[in-house]
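Below you'll find the structure, written out as structure tokens, and then a few comments.
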Amino acid sequence: MSSAPPSPLRFGYGTNGLTDLRLDDALGLLADLGYDGVGLTLDHMHLDPLAPDLPARTARVARRLGALGLTVTVETGARYVLDPRRKHGPSLLDPDPDARAARTALLTTAVRTAADLGAHAVHCFSGITPPGTDPGTAWKRLEEALWPVVDAAAAAGVPLAVEPEPGHLLATLGDFHHLRTVMGNPTPLGLTLDIGHCQCLEPSSPADCVREAAPWLRHVQIEDMRRGVHEHLPFGDGEIDFPPVLAALADTGYQGLTVVEVCGERLGGGRRRRPRPRTPPTPGSSGSPPRDATAAGTAPTPSASCC
10 MSSAPPSPLR
20 FGYGTNGLTD
30 LRLDDALGLL
40 ADLGYDGVGL
50 TLDHMHLDPL
60 APDLPARTAR
70 VARRLGALGL
80 TVTVETGARY
90 VLDPRRKHGP
100 SLLDPDPDAR
110 AARTALLTTA
120 VRTAADLGAH
130 AVHCFSGITP
140 PGTDPGTAWK
150 RLEEALWPVV
160 DAAAAAGVPL
170 AVEPEPGHLL
180 ATLGDFHHLR
190 TVMGNPTPLG
200 LTLDIGHCQC
210 LEPSSPADCV
220 REAAPWLRHV
230 QIEDMRRGVH
240 EHLPFGDGEI
250 DFPPVLAALA
260 DTGYQGLTVV
270 EVCGERLGGG
280 RRRRPRPRTP
290 PTPGSSGSPP
300 RDATAAGTAP
310 TPSASCC
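When you number the sequence shown by the working numbering, it's gap-free, plus one each residue, and the end is 316.
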């Protein structure tokens with residue numbers, strides 16, 4: 010009996026779940042575990058985007074990635090990289106124009122860094138609508154703050170992949186399409202699809218979300234999750250049936266990374282999990298490495314453990 014062909018999907022792991030490790034060590038661990046790439050969050054402990062000599066440090070990381078055979082997507086979800094007092098602050102929706110500009114500047118820096126790394130895409134999100142801000146004003150701020158980033162992405166040849174995030178202004182696939190429409194569908198503007206978020210609050214199943222999002226798909230994040238609860242869970246602890254999702258991704262011809270986003274789990278030590286047979290392997294589990302995985306409308310409840 011012949012074995013199933015290998016999946017065309019490429020799996021990565023997000024460094025926002027590896028903040029206890031030096032970046033060099035984290036990358037080496039991911040390569041040892043069989044990952045194909047990394048979702049690299051620019052943060053104070055991992056390629057700090059605000060520290061001196063960013064181009065030189067980026068070149069060093071690029072060499073390390075090349076030596077390990079890892080590909081990369083640049084992510085921008087660092088919690089306190091701009092403001093030590095406000096998670097993900099300031100956002101693209103901040104009432105203060107200078108604060109919005111700081112977030113825009115960070116994202117344009119991320120685009121340049123992604124180009125220097127040879128990354129598949131740059132991830133970003135809208136942020137939470139500030140109290141007292143009406144939706145029309147919030148959407149206008151988002152559009153205006155994103156244009157310099159879109160222009161930078163076009164110049165660099167790196168897609169900008171906006172993530173619908175539960176609780177944010179841009180929370181759903183429908184919201185992404187609204188942004189795309191009001192901006193005139195610029196070529197660099199694509200989508201980050203988080204499979205857990207689809208389970209959390211989209212009306213369609215995660216597999217159907219993949220199919221619906223296929224033309225705009227530039228980056229994928231994956232973890233388990235329960236309906237209506239925004240908590241990133243290890244595979245097998247939530248409600249997602251993964252084989253149809255992986256099959257849908259493979260059928261789209263998606264060529265980017267599918268990045269595991271489970272914060273607080275330990276790789277290569279500590280607690281190890283064996284996923285249920287219907288799920289892809291969890292990092293550090295005794296199952297096969299990730300590259301062997303085969304493609305065989307209420308407001309969510311937030312969780313402090315969310316990435």
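In this text, a Cβ means the ideal position worked out from N, Cα and C, and glycines have one as well.
Nothing here was measured: the structure is a model prediction, and the numbers come from that model.
Cα-Cα separation, residue i to residue j
i, j, result
"Asp-52", "Ala-60", "10 Å"
"Pro-197", "Arg-19", "22 Å"
"Ala-130", "Thr-85", "11 Å"
"Gly-46", "Gly-145", "38 Å"
"Leu-91", "Thr-201", "22 Å"
"Asn-25", "Pro-99", "19 Å"
"Pro-318", "Cys-218", "Outside the shown range of the chain (10 to 316) lies residue 318, about which nothing can therefore be said."
"Gly-21", "Val-238", "24 Å"
"Asp-203", "Asp-62", "32 Å"
"Tyr-44", "Arg-189", "32 Å"
"His-177", "Thr-67", "30 Å"
"Pro-17", "His-228", "15 Å"
"Arg-150", "Glu-211", "25 Å"
"Arg-173", "His-97", "For clarity, residue 173 is Pro in the given sequence; the question names Arg instead. For Pro-173 and His-97, the distance between alpha carbons rounds to 15 Å."
"Ala-110", "Ala-123", "20 Å"
"Pro-311", "Arg-88", "Low confidence applies here, because Pro-311 scores a pLDDT of 46, under 50, leaving its location unreliable and the question unanswered by this model."
"Gly-193", "Ala-257", "28 Å"
"Pro-168", "Pro-175", "22 Å"
"Ala-216", "Asp-57", "35 Å"
"Val-81", "Asp-41", "16 Å"
"His-206", "Asp-233", "9 Å"
"Arg-69", "Thr-118", "17 Å"
"Glu-152", "Val-254", "31 Å"
"Leu-226", "Gln-264", "9 Å"
"Asp-160", "Val-191", "16 Å"
"Gly-78", "Asp-143", "47 Å"
"Val-366", "Leu-116", "An answer regarding residue 366 cannot be provided, because it is not within the stretch 10 to 316 covered by the chain."
"Trp-148", "Leu-179", "9 Å"
"Pro-64", "Ala-170", "22 Å"
"Ala-128", "Ala-259", "20 Å"
"Thr-50", "Gly-141", "30 Å"
"Asp-107", "Asp-250", "44 Å"
"Leu-266", "Pro-93", "30 Å"
Residue i - partner residues in DSSP beta bridges
i, result
"Ala-170", "His-132, Gly-199"
"Glu-84", "Thr-50"
"Arg-235", "Val-238"
"Thr-181", "According to DSSP, which records beta bridges pairwise, Thr-181 is partnered with nothing at all."
"Arg-19", "Leu-266"
"Leu-38", "Partner(s): none; Leu-38 has no beta bridge."
"His-228", "Thr-201"
"His-55", "Asp-52"
Own chain, CB closer than 6 Å to residue i, minus 5 neighbours either side, in chain order
i, result
"Thr-261", "Ala-223"
"Pro-104", "Pro-139"
"Gly-278", "Here Gly-278 scores only 46 on pLDDT, less than 50, and its place in the model should not be relied on; the value that follows carries that caveat. None."
"Gly-23", "Gly-48, Val-268, Glu-270"
"Gln-230", "Asp-203, Val-268, Glu-270"
Cut-off 7 Å between Cβ atoms - residues of its own chain near residue i, not counting five sequence neighbours on either side
i, result
"Arg-236", "Gln-208, Cys-209, Glu-248"
"Thr-28", "Met-54"
"Arg-31", "none"
Other residues of its chain near residue i: CB distance less than 8 Å, five sequence neighbours each side excluded
i, result
"Thr-113", "Leu-101, Ala-154, Leu-155, Pro-157, Val-158"
"Glu-221", "Leu-182, Ser-213"
"Arg-95", "Tyr-89"
"Ala-165", "Val-120, Arg-121, Ala-123, Ala-124"
"Leu-126", "Leu-49, Thr-67, Val-70, Ala-71, Leu-74, Val-81, Val-83"
Any chain D beta carbon closer than 8 Å to residue i
i, result
"Gly-183", "In the structure shown, chain D cannot be found, because there is only a single protein chain."
**Asked** With a cut-off of 8 Å, do at least 3 Cβ pairs link the region 175 to 195 to the region 135 to 145?
**Response** In this structure the region 175 to 195 lies against the region 135 to 145, because at least three pairs of beta carbons, one per stretch, are closer than 8 Å.
**Message:** Between the region 59 to 78 and the region 30 to 43, can you find at least three pairs of beta-carbon atoms closer than 8 Å?
**Reply:** A contact exists between the region 30 to 43 and the region 59 to 78.
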